[in-house]
Amino acid sequence: MHDLPDTEDADAAAEKYWPEAYKDLIRIHLKQALSVQFHEAEAFTAVYEKHYTNRFSSYDQFVDRLAEMVVIGAENGVDDILEEVYASFRRNTPIPDKRLHALYFWPEPLTEDLKKELHGKVFEAFRNHHTYAHIHEDHYQSNLSFDDFIDQIAALVVAGAVNGADDSLGNIYRSFLLASPLPPARRRPRRIR
9 MHDLPDTEDA DAAAEKYWPE AYKDLIRIHL KQALSVQFHE AEAFTAVYEK HYTNRFSSYD
69 QFVDRLAEMV VIGAENGVDD ILEEVYASFR RNTPIPDKRL HALYFWPEPL TEDLKKELHG
129 KVFEAFRNHH TYAHIHEDHY QSNLSFDDFI DQIAALVVAG AVNGADDSLG NIYRSFLLAS
189 PLPPARRRPR RIR
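Residues 9 to 201 in the numbering used here are what the sequence shown lists, from first letter to last.
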């Protein structure tokens with residue numbers, strides 16, 4: 009057997025990730041906004057008392073977990089739409105259309121202010137990333153200006169966050185209706201370029 013150097017750690021350290029600093033906005037501001045709405049409305053008190061007191065020591069802990077689940081759903085929604093965008097880059101096809109749900113659950117996951125702020129953060133992060141400039145030059149320059157190209161991607165990210173958060177709310181409400189445990193909520197690993 010030949011002795012081969014183990015390069016796994018070095019390879020992992022050299023991996024380059026797509027920019028994701030904007031997700032901090034989702035993690036912090038969206039969670040705070042949802043927690044406040046859940047606490048103030050006390051909409052889930054009866055459900056908590058009937059089905060979840062054995063799993064959560066307080067109503068506050070319960071609604072904080074719900075808010076965290078919706079945040080994870082929003083992050084995963086962003087990942088889903090970006091996967092479609094990156095697939096369009098690889099196939100040299102048009103950027104996907106923005107698809108919003110026809111109807112949303114209460115509470116509306118992202119306020120208009122949060123949507124604008126998220127759009128702005130994504131726009132700045134992607135606009136200043138050389139990879140997007142190269143992709144635009146190679147594939148989209150004839151159809152869109154660079155700012156319009158980045159604006160479309162930022163709008164898709166916002167739509168993905170809203171749809172992902174709403175899907176998570178739908179899963180939570182489904183578990184309430186069925187009196188079943190809360191659905192799992194897992195963050196996905198960071199995307200490698």
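Glycine included, C-beta positions come from ideal geometry on N, C-alpha and C.
{"query": "What are the boundary residues of the alpha helix (DSSP H) that D88 is part of?", "result": "67-99"}
{"query": "Is the beta carbon of K39 sitting closer than 7 Å to the one on V79?", "result": "yes"}
{"query": "Is the Cβ-Cβ distance between A169 and A75 less than 7 Å?", "result": "no"}
{"query": "In three-state terms, what does DSSP make of N62?", "result": "coil"}
{"query": "Could you tell me whether the segment 132-146 touches the segment 48-67, where touching means 3 or more Cβ pairs closer than 8 Å?", "result": "no"}
{"query": "Is it the case that the segment 96-111 contacts the segment 120-135, given that we only count it when at least three CB pairs across the two stretches are under 8 Å?", "result": "no"}
{"query": "Where does I103 sit, in a helix, a strand or coil, going by DSSP?", "result": "coil"}
{"query": "Please confirm whether P117 and A173 have their CB atoms less than 7 Å apart.", "result": "yes"}
{"query": "Which residue marks the beginning of the alpha helix (DSSP H) containing Y140, and which one marks its end?", "result": "138-143"}
{"query": "From Y181 to E120, what does the alpha carbon distance come to, in whole angstroms?", "result": "23 Å"}
{"query": "Looking at C-alpha atoms only, which residue of F134, D155, H47, W114 is the closest neighbour of V202?", "result": "This structure gives no information on residue 202, because the portion of the chain shown stretches from 9 to 201."}
{"query": "State buried or exposed for P189, treating a residue as buried only when at least 16 other CB atoms are found within 10 Å of its CB.", "result": "exposed"}
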